[in-house]
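Following: one structure in structure tokens, then a few remarks.
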Amino acid sequence: MKIVAGILTLLFTLFGHEHTDDIKADILEKVFTNISINKEIIIWSDNENLILEFKAKANFATASKCSDASILILESKQNIDKECQEKAIFVMNYALLKDIPQSFGAIFWKKGRPNIVIIAPRAKANSIKISEKLDDYLEEKIW
Amino acid sequence: MVKSKDLVIFSLLFVLGISFAYIYNEIKTTKEDIFTRVERDQIEHISGILQNIESDFISSLGIKNKDDMLEKLENNENRKKYEHIASLLMTPNIKYAYILQKDETGRFRFLLDASKTDKAGFYQKFDVNSPEYMRAYATAKPQIIKQKNIENLYITLLHPIISNGEVIALFSVDITTEIQDLIHNSVEPLENFFIILIVIVMLFMLLIILQLFHYFITRKRVFTDPLTNTFNRNYLEELLHVINLKNYGIAMLDLDKFKSINDVYGHQTGDYILIQASKIFKASIRAGDILVRYGGEEFLLFIHNRNGSALDVCERIRESIFLGEYFYDGNEIKTSVSIGLHKHPSLEKNLHEAIKIADKMLYLAKKNGRNRVEIYDEKALSEENSSSKDISFIKEALDEERVVCCYQPIYDYKSGEIYKYESLVRIIASDGRVVLPFEFLPQIKGTNMHYKLTQRILHIVFEKVIESKKNISININFSDLTNPDIQETIVSTLSNNSELASKITFEILESDEIDDVELFKEKTSMLHSLGAKVSIDDFGSGYSNFKTIIDIEANYLKIDGSLIQNIDINIKDYKVAKSIIHFASQSNMKTVAEFVHSKEVFDKLVELNVDYMQGFYISQPKATLIEKEELFL
Chain W
682 MKIVAGILTL LFTLFGHEHT DDIKADILEK VFTNISINKE IIIWSDNENL
732 ILEFKAKANF ATASKCSDAS ILILESKQNI DKECQEKAIF VMNYALLKDI
782 PQSFGAIFWK KGRPNIVIIA PRAKANSIKI SEKLDDYLEE KIW
Chain L
1211 MVKSKDLVIF SLLFVLGISF AYIYNEIKTT KEDIFTRVER DQIEHISGIL
1261 QNIESDFISS LGIKNKDDML EKLENNENRK KYEHIASLLM TPNIKYAYIL
1311 QKDETGRFRF LLDASKTDKA GFYQKFDVNS PEYMRAYATA KPQIIKQKNI
1361 ENLYITLLHP IISNGEVIAL FSVDITTEIQ DLIHNSVEPL ENFFIILIVI
1411 VMLFMLLIIL QLFHYFITRK RVFTDPLTNT FNRNYLEELL HVINLKNYGI
1461 AMLDLDKFKS INDVYGHQTG DYILIQASKI FKASIRAGDI LVRYGGEEFL
1511 LFIHNRNGSA LDVCERIRES IFLGEYFYDG NEIKTSVSIG LHKHPSLEKN
1561 LHEAIKIADK MLYLAKKNGR NRVEIYDEKA LSEENSSSKD ISFIKEALDE
1611 ERVVCCYQPI YDYKSGEIYK YESLVRIIAS DGRVVLPFEF LPQIKGTNMH
1661 YKLTQRILHI VFEKVIESKK NISININFSD LTNPDIQETI VSTLSNNSEL
1711 ASKITFEILE SDEIDDVELF KEKTSMLHSL GAKVSIDDFG SGYSNFKTII
1761 DIEANYLKID GSLIQNIDIN IKDYKVAKSI IHFASQSNMK TVAEFVHSKE
1811 VFDKLVELNV DYMQGFYISQ PKATLIEKEE LFL
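Taken in order, these protein sequences are the chains called W and L. For what it's worth, the working numbering labels the leading residue of the first sequence as 682, then goes sequentially. For what it's worth, the working numbering labels the leading residue of the second sequence as 1211, then goes sequentially.
Pasting the structure below:
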């Protein structure tokens, strides 16, 4: 409950703020803290600033190449190498969820409010276990 | 007075600051009021349109419940139609317009989105946290969410869509801040201007407060005696301008035998006694009374009438001091206080005059045996028209060591040697001017200050004799001799130093003061017993009583200057002087002629066979003991 409250507070606090990379990293960190995959979470992103933010926080390992990562954070579909297409992907745009079938979740701003969506079947397909603390953000499909 | 100006400026700044703060607050209130009016107008306007859309929506699509709503809007055509209708609502001030429905899990989902940008898909989840969403559902009443003024969102209007009394969805409209921004940007410079003015005024006020604080700290230091933590004499000058004497009685307090305490136990002990005594004084008085250390061991107490009887306060102080136990450095010290009280100082011309009378009462208290309170009785005191500022003038001179002695040689023309010197008191005024005795002695006659001055002169002359080994005479009043403190000083000093005593002559003024002949004889006898000599001063001018003079066995007769100064031209004076010299010779007394101002007078006195001479012809009084070579210059 604390986690949900924390995320809600964070979302609420950040509602309306500039979508800077440190805020995005904060939200992603909260999400990744409550998921588990069958290997160490190593993060790679096509947004270098986001990687720097994760490095500064030092709670998750980061990779300089997408092939070394276990979770990719994408802002653009074009930035993913072929060799990484099968990895678990978290996107920064709701539309990308549709465009990238491997993506299992997204954070994005909708009408000025931060939103989180995690597609449960895709997460399961990626062997990602989602903590019940994130239940409020789970969706069965992309609408 | 400068501080009054500061206070006026401070008050003006305060009023100015309050005015600016008031204007600033009015601007802000007006701005908020405009915001509220704009907001209300916008909401009323939008709510009206939303109601129209809602009616059309419900009736045209035949929606009965939330499932109907979901079903109808799942249809693309229906959705596009009503998105188009709702999009007519969009103006520069309305950024987003959409319909949300709460699903079975309590999450809100988009059913329709008429927004031109950031459009949401059908049934897309929308994370909202504000309680107003749930409240709109629960109450079926419109809700307004005031968003933070960021991201251009100003308020969100939630309009419940109701069918059959049940909220089936929410029409949500996000209104932008454009008008508010415009108002805010227009008013902000004015607000900032007043903020700057207020800050400047506050800074000036702070500066004045600091200045006043510094002034009061300095003032406290200037007006406080550091040893006893009571007011000092500087404060008395301040009181002159503000005190209403009608409200006060004035008491002059003086610790008895304080000089002895200092001499016997040392100055540290004396300071200790002063501190203890001042504590007792302070404990014995009440709020409204004013205690001033007048100097040395003397205190001045202003007793407010509302605090009861001034005499009771004085008696309480006297008793407390007397009963107090004082131990310092292993010694028990006994002390007491004498108090002179003037109960109605407002009857006097001014404060100094009232103090002078209190001081006279103090003198009486000392004379009558110490450790007592004497109250001013108008019948007992003769009226005097003396200058009123002399007591404090002498008090300051004593405290600041500006009381000095000059010495005039008394010449033995037969041997050509200086026989002895007469000490003559002078006060160096604060401006450096030398003030002669006739300017201040008459004014302090009969006051406690007179005997304090005599004490100081005795001290100076005794030191001078010890230092120079010369004979020096000291002028002293009969009343001084009867003062217990002066007598004690003389006895304690001379009884242990016969050489010093042998070189001292006490010149006692022959005057009507000597009303108690037996006491006079007793005192001169005491001086003789100590080994000192006695001279009758100004003989021939007052109430000369030849028998008394013979009885007291004076060593010298000093012929009054008024008989000497014209002796060369006035035959009557010549004859009187001749008679006195003859009388003195027959009575085994030496004669001294003063006021020898010319060679003619000098020669006449030689002719009369006077023993010693003194005057400007021989030498003026000097600050030092001159030698015979410096005579007749």
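Every residue, glycine too, gets a C-beta built ideally from N, C-alpha and C. This structure is a prediction, so every number in the text was calculated from the model and none was measured.
Taking its Cβ as the centre, do 16 or more other Cβ atoms sit within 10 Å of residue i, making it buried, or is it exposed?
| i | result |
| --- | --- |
| L:Lys1305 | buried |
| L:Lys1679 | exposed |
| L:Asp1323 | buried |
| L:Gly1375 | exposed |
| L:Gln1334 | buried |
| L:Thr1301 | exposed |
| L:Asp1337 | buried |
| L:Gln1252 | buried |
| L:His1369 | buried |
| L:Ile1676 | exposed |
| L:Val1474 | exposed |
| W:Phe785 | buried |
| L:Leu1591 | Because the pLDDT at L:Leu1591 is just 49, under 50, the model does not fix this residue reliably, and the point stays unresolved. |
| L:Ile1686 | buried |
| L:His1792 | exposed |
| L:Asn1235 | exposed |
| L:Gln1486 | buried |
| L:Thr1729 | According to the sequence displayed, residue 1729 of chain L carries Leu and not Thr. When all chains shown are included, L:Leu1729 counts as exposed. |
| L:Phe1826 | exposed |
| L:Gly1550 | buried |
So, at 8 Å on beta carbons, what are the nonlocal neighbours of residue i in its own chain, with the 5 sequence-adjacent residues on each side left out?
| i | result |
| --- | --- |
| L:Asn1595 | Interpretation of L:Asn1595 is limited by its pLDDT of 41, a score under 50 that renders its predicted location unreliable; the figure taken from the coordinates is listed afterwards. None. |
| L:Ala1493 | Ser1530 |
| W:Ala678 | Nothing in the structure corresponds to residue 678 of chain W, since chain W is present only between 682 and 824. |
Can you tell which of the options has its C-alpha closest to the C-alpha of residue i?
| i | options | result |
| --- | --- | --- |
| W:Gln759 | W:Leu777, W:Ser745, W:Thr743 and W:Lys768 | W:Leu777 |
| L:Val1645 | L:Met1659, L:Lys1630 and L:Ala1607 | L:Ala1607 |
| W:Val712 | W:Leu733, W:Glu767, W:Lys805 and W:Ala787 | W:Ala787 |
| L:Ile1637 | L:Asp1622, L:Ile1670, L:Ile1628 and L:Tyr1631 | L:Ile1670 |
| L:Pro1694 | L:Lys1329, L:Gln1665 and L:Ala1711 | L:Gln1665 |
| L:Ser1640 | L:Gln1653, L:Ser1602, L:Tyr1631 and L:Glu1673 | L:Ser1602 |
| W:Lys822 | W:Leu815, W:Thr743 and W:Arg803 | W:Arg803 |
Quick one: grab the DSSP three-state call for residue i.
| i | result |
| --- | --- |
| W:Ile797 | strand |
| L:Phe1755 | Looking at the sequence shown, residue 1755 of chain L is not Phe but Asn. It is coil, neither helix nor strand. |
| L:Leu1217 | helix |
| W:Ile770 | strand |
| L:Tyr1827 | coil |
| L:Ser1592 | At L:Ser1592, the pLDDT of 44 sits below 50, so the modelled position is not reliable and the matter cannot be decided from this model. |
| L:Asn1359 | Interpretation of L:Asn1359 is limited by its pLDDT of 49, a score under 50 that renders its predicted location unreliable; the figure taken from the coordinates is listed afterwards. Here L:Asn1359 sits in coil by DSSP. |
| W:Met682 | At W:Met682, the pLDDT of 49 sits below 50, so the modelled position is not reliable and the matter cannot be decided from this model. |
| L:Pro1399 | helix |
| L:Thr1440 | coil |
| L:His1369 | strand |
| L:Ala1742 | coil |
| L:Phe1648 | helix |
| W:Pro782 | coil |
| L:Ala1330 | coil |
| L:Pro1352 | coil |
| W:Lys822 | coil |
Take residue i and list the residues in its own chain whose beta-carbon comes closer than 6 Å to its own, dropping the five residues that flank it on each side.
| i | result |
| --- | --- |
| L:Leu1223 | Val1411, Phe1414 and Met1415 |
| L:Asn1658 | Asp1569, Leu1572 and Tyr1573 |
| W:Leu819 | Ile799 and Ala801 |
| L:Asp1821 | Lys1800 and Thr1801 |
| L:Ile1309 | Leu1321, Leu1322, Ala1379 and Phe1381 |
| L:Lys1469 | none |
| L:Ala1346 | Gln1353, Leu1368, Pro1370 and Leu1380 |
| L:Ile1500 | Phe1512 |
Between residue i and the rest of its own chain, which residues show a CB-CB distance below 7 Å, the 5 nearest in sequence each way excluded?
| i | result |
| --- | --- |
| L:Gly1227 | Ile1408, Val1411, Met1412 and Met1415 |
| L:Tyr1292 | Phe1267 and Leu1322 |
| L:Ser1373 | Ile1268, Ile1273, Lys1274 and Asn1275 |
| L:Ile1219 | Ile1418 |
Return yes when at least one heavy atom of the ligand MG lies under 7 Å from the C-beta of residue i, else no.
| i | result |
| --- | --- |
| L:Leu1223 | The ligand MG is absent from the structure shown, which contains no ligand whatsoever. |
Would you say residue i lies against chain A (beta-carbon separation less than 8 Å)?
| i | result |
| --- | --- |
| W:Lys768 | Looking for chain A here will not work: the only protein chains present are W and L. |
In chain order, which beta strand (DSSP E) runs of at least 3 residues are fully inside the region 1529-1585 of chain L? 1536-1538, 1541-1543, 1547-1552 and 1583-1585
Ignoring anything shorter than 3 residues, give me the beta strand (DSSP E) runs that lie fully in the region 1458-1515 of chain L, in order along the chain. Runs found: 1458-1465, 1500-1505 and 1508-1514.
Beta strand (DSSP E) runs wholly inside the region 1294-1319 of chain L, at least 3 long, in chain order: Correct list: 1304-1312.
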